[in-house]
Each structure stands twice: as structure tokens, then as C-alpha cells.
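*Asks:*
Protein chains: 2
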Amino acid sequence: MPAATNPANHDHDHCIADALTRADALCAERGARLTALRRQVLELVWTSHRPRGAYAILEDLSQREGKSAAPLTVYRALEFLVEQGLVHRLESLNAYIGCAAPGAVHSGQFLVCEACGNAVEIDDPRIRAAIDTIAAERGFQVDRPTVEVRGRCTDCQEKTP
Amino acid sequence: MPAATNPANHDHDHCIADALTRADALCAERGARLTALRRQVLELVWTSHRPRGAYAILEDLSQREGKSAAPLTVYRALEFLVEQGLVHRLESLNAYIGCAAPGAVHSGQFLVCEACGNAVEIDDPRIRAAIDTIAAERGFQVDRPTVEVRGRCTDCQEKTP
DNA sequence: GGCATGATGTTATTTTATAACGTAGTCAGC
DNA sequence: GCTGACTACGTTATAAAATAACATCATGCC
Ligand SMILES: [Zn+2]
Ligand SMILES: [Zn+2]
Ligand SMILES: [Zn+2]
Ligand SMILES: [Zn+2]
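Sequence lines, in order, name chains L and C.
Those letters in the first sequence? Residues 1 to 161, by the numbering used here.
Those letters in the second sequence? Residues 162 to 322, by the numbering used here.
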């Protein structure tokens, strides 16, 4: 799965198309309105497997539309997408990334490569279990756990060992 | 230990004094210069067990000094303190908090109460172990894991059950 | 003292995010 | 169709968080 994030060995157009299809289905099911604008922002978030900043998305959007859009336009779309679980916000990067498993209940755990910038969503139950155990021991009620691990992905380790 | 973060039932002046003493010792040991300014910023970070923003600290600092300080003054001091492991930055809050165990090697794991704002540093090896296991399975080299769990502390659960 | 290094001061700017208010679609019910 | 409520979107201004570039000052070694 980490290999799948290497832009070189996977069909990323398929990633994008798939994400949009799932988003359409999920929103239809929920009666949420995935408008043209929101859908376009989602597509731009999925530009790559690197988290993207709101202003980078804004720039793309402006270029596509020919006219310059306002920051709020993007932030509002992102807010919707995050609420719907289609996109995650990476707190340590002030950036956004498409969710790898929308629909499933999870809070997002990521391995972020500091060399290539790719982020892989892991959502491993073992991490969540460890957090839940420790929280329970201390009587803390978990709402939203943030797990963002910085480091080096396999590919980048190979390049500079 | 979580009870110790309740401002009502602990001597927080002791927390502050203790943090400053340990900081003095650690910096002396390392030959790092804990200047008057840096020491004062550390003290201001320790104002409470709630993470504080750089600009909040800046305001306090200005008030104390009588003259208004520049943001960079605070950011530079914070950078030093974080490097020395005396302070952690909470990514999800853009805020800083005093380290509960300076000197020990760790990356900081926190339980952050959304009601009272207090943050407790946990640094539990089980979370770190789970992260390391999963990273190893994927060939990912861990550098700096960020774990920030939002939720409700015991005290705040009791208040509104 | 003279000099190198690191810390601080000063000013300006960048990046990220939100507030306030108005307009325009969308849809239900009549 | 029209009306009214609701939601989305546009526009402008502003706040909050962080950094850049350059000058000055302090510290400690030679
Ligand atoms: Zn892809
Ligand atoms: Zn996800
Ligand atoms: Zn205390
Ligand atoms: Zn710590």
C-alpha cells in the first residue's frame, strides 16, 4: 500500500476518479450536497498523495476558473469535505489530504514522509486501541485523536540510505 | 496525575519553580544558554497547564517588560526551548506547553481537554510501540510522531455528564 | 582591547484562517 | 407558477500565526 503512493507506480487518475465516485455515492446516500464547487475542490485535494495547503488549492481553483477565487470559497468547501469525512486535515502541516477510506468511521492516522512529502493514511486499530487503553486508565474520554508520524518512507530511504 | 493538572488541587507555583530549576540544570549541563529572556518565556509557557499561543505569551511578556516586544522575540525563545526539549508545540492548537519530563528522550503525547483546555503529557511507551510496529511493517522510518488526543478530562466529564 | 559567535532588536512581509454582510440558487408546500 | 425558508456562494475586510532581512548588542575567548 505504501508503494501505491509512489506516483511512479500507480495510476493516479484512477485514484482521483475513484475518490470522486465514492464521494458522489456517499453524499447521495446521506442527502449531502456535493456541489460542483465542492467536487472540484475535492478533486484538487486529490491532485497527489501529498497534503496540500488551502492556498495552493485556491490558486489551482482560480487558474481553472479563469477568475480569482477568495480564500473563504476554498475553506468553506474544505470544511464541508472534512465534515463528510472525504478529506482529512493534517494539523502538523496546515494542509489537507483525501481520505483513503471515506464512509468508515475513523479519525485519521498518517505517516508523512519529510523527504517526498507523501502522506499515507494508516488508520490502524492497534494505535487507536493503545490510545483508548491509556485514556481509559486516566478516565479521559476520547473524542478525536490526532496521529501524524513524520519520518521517511521506504522509497526515500532507498534513495539516501 | 491528571488530578494534578486541576488548578484547584495543586500548588502550581511549585510546578513553575520546579520547571525552571530543571531547565537551569539541564542547560548548564549541556552548555546551552538559558538567557533571562528565554527563562522568562519558559516561565510564561508554564503559566498554566493549558497550551498557550505565541501571541498570548508575547502579550504577557510585553506587559511584564513595560514595553511591547516583537513576535520574533517570542518565537526565537520558543524555538530554543523546543530544541532543548523544555517545551512542546501542540500542532493541533498552534500552541506551546511546558514539558513534563525534560531530559528524557520522547516526542510528546498529549490528552487535551476540549472543555477546560488543560493538556496532560502522557508519553506512554505503548502508543509509541504501536506506532513503531506499524511503521516497521510498512518500512517507514519514524522520526517524530505527533499524538494529540482531543476529548474530555475526568473533571469536565463530572461537571456535565 | 580585538574579534568571533551567538542573542536580541526592529521593521516589514508572508502564510493561514475567519468575520460580516449581501446575493443567489434550491426545494417544499401552496 | 409563486412564496418563503434554507443553504450555498460571492465580496470585502480583518485577524491570527509565522518568518525574512538586516542592524545592534552581549558574551567569552585570544
Ligand atoms: Zn494515487
Ligand atoms: Zn480517512
Ligand atoms: Zn501545575
Ligand atoms: Zn515532554
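Cβ atoms here follow ideal geometry from the backbone N, Cα and C, with glycine treated the same way.
Looking at the structure shown, is L/ASP124 part of a helix, part of a strand, or coil, going by DSSP?
*Replies:* In the first sequence, counting from the first residue as 1, residue 124 of chain L sits at position 124. In this structure, L/ASP124 counts as coil in the three-state DSSP scheme.
*Asks:* Shortest alpha-carbon distance to L/GLY103 belongs to which of L/HIS12, L/LEU26, L/SER92?
*Replies:* Position 103 of the first sequence, counted from the start, is the residue given in the question as residue 103 of chain L. It is L/LEU26 whose Cα lies nearest to the Cα of L/GLY103.
*Asks:* Where does C/MET162 fall in DSSP's three states?
*Replies:* Within the second sequence, the letter at position 1 stands for residue 162 of chain C. With a pLDDT of 42 at C/MET162, under the threshold of 50, the predicted position of this residue should be treated as unreliable, though the coordinate-derived value follows. In this structure, C/MET162 counts as coil in the three-state DSSP scheme.
*Asks:* Hey, which residues come within less than 5 Å of ligand 5, measuring from Cβ to any heavy atom, in chain order?
*Replies:* For ligand 5, the structure offers nothing, since it holds only ligand 1, ligand 2, ligand 3 and ligand 4.
*Asks:* Which residue's Cα is closest to the Cα of L/LEU20: L/ALA136, L/THR47, L/GLY31?
*Replies:* Locating residue 20 of chain L in the first sequence gives position 20, counting from the first residue. Nearest option by C-alpha distance: L/THR47.
*Asks:* Would you list, in chain order, the members of the stretch 290-319 of chain C that have their beta-carbon closer than 8 Å to a beta-carbon of chain L?
*Replies:* Of all residues in the stretch 290-319 of chain C, ALA290, ALA291, ILE292, THR294, ILE295, ALA296, ARG299, GLY300, PHE301, GLN302, VAL303, ASP304, ARG305, PRO306, THR307, VAL308, GLU309, VAL310, ARG311, GLY312, ARG313, CYS314, THR315, GLN318 have a Cβ within less than 8 Å of some Cβ in chain L.
*Asks:* Please list, in chain order, all residues of the same chain as C/PRO163 whose beta carbon is under 7 Å from its beta carbon, the five residues on each side excluded.
*Replies:* Here residue 163 of chain C refers to the residue found at position 2 of the second sequence. Confidence at C/PRO163 is low in this model, with a pLDDT of 43, below 50, so the placement of that residue should be treated as unreliable; the coordinate-derived value is given next. Taken in chain order, the residues that qualify are VAL281, CYS314, THR315.
*Asks:* Would a check of beta-carbon distances place L/ILE97 closer than 8 Å to chain C?
*Replies:* Residue numbering aside, residue 97 of chain L sits at position 97 when the first sequence is read from its first letter. No - not a single Cβ of chain C is within 8 Å of the one on L/ILE97.
*Asks:* Would you check if there are 3 or more beta carbon pairs closer than 8 Å linking the stretch 141-152 of chain L to the stretch 98-115 of chain L?
*Replies:* In short, these stretches touch, since the Cβ pair count reaches three.
*Asks:* Just the Cα atoms here: how many angstroms apart are L/LEU78 and L/GLY139?
*Replies:* Within the first sequence, the letter at position 78 stands for residue 78 of chain L. Within the first sequence, the letter at position 139 stands for residue 139 of chain L. So the alpha carbons of these two residues sit roughly 33 Å apart.
*Asks:* Rounded to whole angstroms, what's the CA-CA distance from C/GLY246 to L/ALA36? Just pull it up for me.
*Replies:* Position 85 of the second sequence, counting from 1, holds the residue named residue 246 of chain C. Position 36 of the first sequence, counting from 1, holds the residue named residue 36 of chain L. About 47 Å.
*Asks:* Compute every distance between the C-beta of L/CYS27 and the non-hydrogen atoms of ligand 2, then say whether any falls below 7 Å.
*Replies:* Taking the first sequence and counting its residues from 1, one reaches residue 27 of chain L at position 27. Not so, every heavy atom of ligand 2 lies at least 7 Å from the Cβ.
*Asks:* Using the Cα positions of C/ALA178 and C/ALA261, report the straight-line distance between them to the nearest angstrom.
*Replies:* Indexing the second sequence from 1 puts residue 178 of chain C at position 17. Indexing the second sequence from 1 puts residue 261 of chain C at position 100. Cα-Cα distance, rounded: 13 Å.
*Asks:* Indicate whether at least one CB of chain C lies closer than 8 Å to the CB of L/GLU91.
*Replies:* As a working mapping, residue 91 of chain L is identified with position 91 in the first sequence. Yes, L/GLU91 counts as interfacial toward chain C.
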